[in-house]
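Using this note's numbering, the letters of the sequence shown map in sequence onto residues 279 to 796. For glycine and all other residues, C-beta sits at the position ideal for the given N, C-alpha and C.
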Amino acid sequence: MASHDVEATDLLKEIAGLQADMRSQRDRAMAEAVAAKMEGRPPNVIPMQQRYLAEVDQVQVFVDQLRTLAVDSAIDPISAERERLWKDLVTRADGLRDAFQNIRREAGAQFELLLQGRDGDARALEPQIEAIRVAIETNVRNGGYISRALSQAGQERVRQLRQDVIWSALIAGVVAIAAAVLIALSISRSITVRLRNAVALTGRVSEGDLTQRVATEGSDELATLGRYLNDMIAKLRTVASSTRATAENLHAATAQIRASTQQQAASVAQQLAAVEETTATLSEITESGAQINRRAQDVAESAQAAAATSETGLKAVEDTNHAMDAIREQAEAVAENIVLLSERTQAIGEIILTVNDIAERSHLLALNAAIEAAAAGEHGRTFAVVASEIKSLADQAKEATSQVRSNLSEIQHGINASVMLTEEAVKRVGAGKRQTDATQATIRDLAESVRESLLAFQQIVAGTNQQQIGLEQVTRAMQNIRDAGTQTAAGTRQLEGAAANLNDLGQSLLETVRFYQV
């Protein structure tokens, strides 16, 4: 009964919550349509529409469950008032079902108008939808009133039933007491003596005397009770004897168990202390390994940087070597050009000698011509002028050849010095080339060594990583062993306590069974 009331209340709360969320979805869709129109884009109301329709379907499921619950509860009510209330709740459920069908139709049309961008037409449907929503909230609110009235009516009916049961029990108790008094008065005279004997026997048994017996003459209930008492005393005697022997054995066994558990507890404590020390040592080793790993990584990074630097240096030396080759080739070309220039200056010197020889011969020829012109007199005057000019030209040529010879000599000395300097430069370039070759070979070896060192450091880092992982695994294993040892120690202490308790129990049992006389 109460479960049906609670279930009806829960269904109404679910319906009310979904109804509120449905209204929120419609408001969000309307706001989205207005915002989309202002921004000039199509409205995105499909998610709100899908959620709204899904919630309508869920609400209809809850309404159907509410109606089914109300119909079933109205069939077998505990009072007329509850029957009336359940039937009223059926009517409310029918109204809710029709209202949600109507609001599904109207809201569906409103969402379609919003999708088409017709927010004005969609707002025109708002009064109809709002009226349906208000009717739904009214039905849900009235349903809540009905649910609370059902609970109150059920509680009132339960109170009435409880009072009826109490009065019935009181009447039955009075009748039973009266019957018992009458029966006791009728049989007290015939069984008092024999009951007194049985009570005396049980008193002696309660004091530990199991050697007594009771008379069993007759075939009535008291005789049967006497036989049962004798059998019980015989069995108690057997149980007491057996229990005494068992208690003695139990006391001895528990004493041995307690001594063994104390030794085991001490051993477990020692093992736990050793595990604690091992765990602490492993933790320190793990921390040291982590530091080594970090330092190895730092060294590997430094080695990698050194490898990069050596590669850069090797590239620079190779570039220098290429530059030295180019300088050597240019120096050799300059030397060849200077040698060629020296040869050409020598050729020019020879030409100048020839020109000087021609000038001297022209001077002699002009002198001879002047002599012949003087000898010819007036007729040789013109020839004398020509001879004078030739002599002048010869003197000028001789003077020019002398200056050219002097300049050529200076040029020749400069060329010879340049040849010597160029040869020295070529030699130095060759020496520099050999030195750069040696430097290149050294740096190449250094780069190879650095690469090998980098590879070795990377292997060391990988090895330290594996070692670190192994140490962490071993540390976790030792921690697990420590936890297991702690649990074992706790279990051993509990076992020791249990053995002590069992020992005390055995002692108490032994003292108890010694109370009986068999």
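Among residues of its own chain, excluding the 5 on either side of V368, which ones have a beta-carbon nearer than 7 Å to its beta-carbon?
-> As a first step, residue 368 is located in the sequence shown; it is residue number 90 there, counting from the start. Correct list, in chain order: R345, A348, V349, A352.
Contact between the region 321-338 and the region 294-303: three or more CB pairs below 8 Å?
-> yes
May I ask which residues mark the beginning and end of the alpha helix (DSSP H) holding P325?
-> Indexing the sequence shown from 1 puts residue 325 at position 47. Segment 324-353, the alpha helix (DSSP H) holding P325.
When DSSP labels each residue in this structure, what does Q394 get in the three-state scheme?
-> One-based indexing of the sequence shown puts residue 394 at position 116. It is coil, neither helix nor strand.
Measure from the alpha carbon of R383 to the alpha carbon of each residue in N420, D397, V418, D335, then state which is nearest.
-> Residue 383 sits at position 105 when you count from the first residue of the sequence shown. Nearest C-alpha to R383: D335.
Can you grab the Cα-Cα spacing for the pair T675 / A625, in whole Å?
-> Locating residue 675 in the sequence shown gives position 397, counting from the first residue. Locating residue 625 in the sequence shown gives position 347, counting from the first residue. Per the sequence shown, residue 675 should be read as Ala rather than Thr. Distance between the alpha carbons of A675 and A625 is about 18 Å.
For Q388, count neighbouring Cβ atoms within 10 angstroms of its own Cβ and tell me buried if that reaches 16, exposed if not.
-> The sequence position of residue 388 within the sequence shown is 110, counting from 1. Buried, since its Cβ has 16 or more Cβ neighbours within 10 Å.
Using three-state DSSP, classify E361 as helix, strand or coil.
-> On the sequence shown, residue 361 is found 83 positions in, with the first residue counted as 1. It is helical.
Where E495 sits in the DSSP three-state scheme | Taking the sequence shown and counting its residues from 1, one reaches residue 495 at position 217. In the structure shown, E495 sits in coil (DSSP, three-state: anything other than H, G, I, E or B).
Whole angstroms is fine: what's the gap from W364's alpha carbon to I414's?
-> On the sequence shown, residue 364 is found 86 positions in, with the first residue counted as 1. On the sequence shown, residue 414 is found 136 positions in, with the first residue counted as 1. So the alpha carbons of these two residues sit roughly 18 Å apart.
Touch check for the region 704-716 and the region 585-604: three-plus C-beta pairs under 8 Å?
-> yes
By Cβ distance below 6 Å, which residues in the same chain neighbour D342 in space, the five residues on each side in sequence not counted?
-> In the sequence shown, the residue the question calls residue 342 occupies position 64. Contacts found: none.
Taking the C-alpha atoms as reference points, what is the distance between A371 and G318?
-> Counting from one through the sequence shown, the residue named residue 371 turns up at place 93. Counting from one through the sequence shown, the residue named residue 318 turns up at place 40. Their Cα atoms are separated by approximately 44 Å.
A298 classed as buried or exposed, judged by whether at least 16 other C-beta atoms fall within 10 angstroms | Counting from one through the sequence shown, the residue named residue 298 turns up at place 20. So A298 counts as exposed.
Enumerate in chain order the residues of its own chain whose CB-to-CB distance from R722 is below 8 Å, with the five nearest sequence positions on each side excluded.
-> Taking the sequence shown and counting its residues from 1, one reaches residue 722 at position 444. Hits under 8 Å: L592.
Given S425 as reference, the closest of Q549, I563, A286 once Cα atoms are compared = Residue mapping note: residue 425 aligns to position 147 of the sequence shown, counting from 1. Looking at the Cα atoms, A286 is the closest of the given residues.
With DSSP as the reference, label P321 as helix, strand or coil.
-> Residue 321 sits at position 43 when you count from the first residue of the sequence shown. Note: P321 maps to coil in three-state DSSP.
Could you tell me which of G421, N508, Q430, F378 sits nearest to S357, measuring between CA atoms?
-> Counting from 1 along the sequence shown, the entry for residue 357 is found at position 79. Taking only the C-alpha atoms, the option nearest S357 is Q430.
Touch test, the region 747-754 against the region 628-641, Cβ-Cβ under 8 Å, three pairs minimum = no
Does DSSP put L550 in a helix, a strand or coil?
-> Mapped onto the sequence shown, residue 550 falls at position 272. In the structure shown, L550 sits in a helix (DSSP, three-state: H, G or I).
Under three-state DSSP, which class holds L403?
-> Position 125 of the sequence shown, counted from the start, is the residue given in the question as residue 403. Residue state, collapsed to three classes: coil.
Would you call E688 buried or exposed, if buried means 16 or more other Cβ atoms sit within 10 Å of its Cβ?
-> Numbered from its first residue, the sequence shown carries residue 688 at position 410. Classification of E688: exposed, given that the 10 Å Cβ count is below 16.
Taking 8 Å as the threshold, find out whether the region 613-624 comes into contact with the region 737-747 through three or more Cβ pairs.
-> no
Presumed contact (8 Å Cβ cut-off) between A672 and A637, rounded CB distance | Here residue 672 refers to the residue found at position 394 when the sequence shown is read from its first residue. Here residue 637 refers to the residue found at position 359 when the sequence shown is read from its first residue. About 5 Å; that satisfies the 8 Å criterion.
Give the straight-line distance between the Cα atoms of Q765 and T556, rounded to the nearest whole angstrom.
-> Stepping through the sequence shown from its first residue, residue 765 is reached at position 487. Stepping through the sequence shown from its first residue, residue 556 is reached at position 278. Answer to the nearest angstrom: the Cα atoms are 18 Å apart.
Cβ-Cβ separation, A400 to A311 (assumed contact under 8 Å), whole Å | Here the question's residue 311 lines up with position 33 in the sequence shown. Here the question's residue 400 lines up with position 122 in the sequence shown. Confirmed, Cβ separation roughly 7 Å.
Please report how far the alpha carbon of S731 lies from the alpha carbon of A719, in whole angstroms.
-> As a position in the sequence shown, residue 731 is number 453, starting the count at 1. As a position in the sequence shown, residue 719 is number 441, starting the count at 1. In a straight line, the C-alpha of S731 is about 18 Å away from that of A719.
D509: buried (16+ other C-beta within 10 angstroms of its C-beta) or exposed?
-> Here residue 509 corresponds to residue number 231 of the sequence shown, with the count starting at 1. Per the 10 Å Cβ criterion, exposed.
Burial state of A478 (16 or more Cβ within 10 Å) = Here residue 478 refers to the residue found at position 200 of the sequence shown. Label assigned to A478: exposed.
Length of the line joining the Cα atoms of F340 and L393 | For the purposes of this step, residue 340 is taken as the residue at position 62 of the sequence shown. For the purposes of this step, residue 393 is taken as the residue at position 115 of the sequence shown. Using only the alpha carbons, I get a separation of about 29 Å.
How about L290 and G422: are their beta carbons less than 9 Å apart?
-> Your numbering for residue 290 matches position 12 in the sequence shown. Your numbering for residue 422 matches position 144 in the sequence shown. Yes.
Using the C-alpha atoms, what's the distance from I293 back to G763?
-> Residue 763 sits at position 485 when you count from the first residue of the sequence shown. Residue 293 sits at position 15 when you count from the first residue of the sequence shown. Cα-Cα distance, rounded: 57 Å.
On a CA-only basis, which of Q736, D288, G504 is nearest D219? Give me that one, please.
-> No information on residue 219 is available, as it lies outside the stretch 279 to 796 that the chain covers here.
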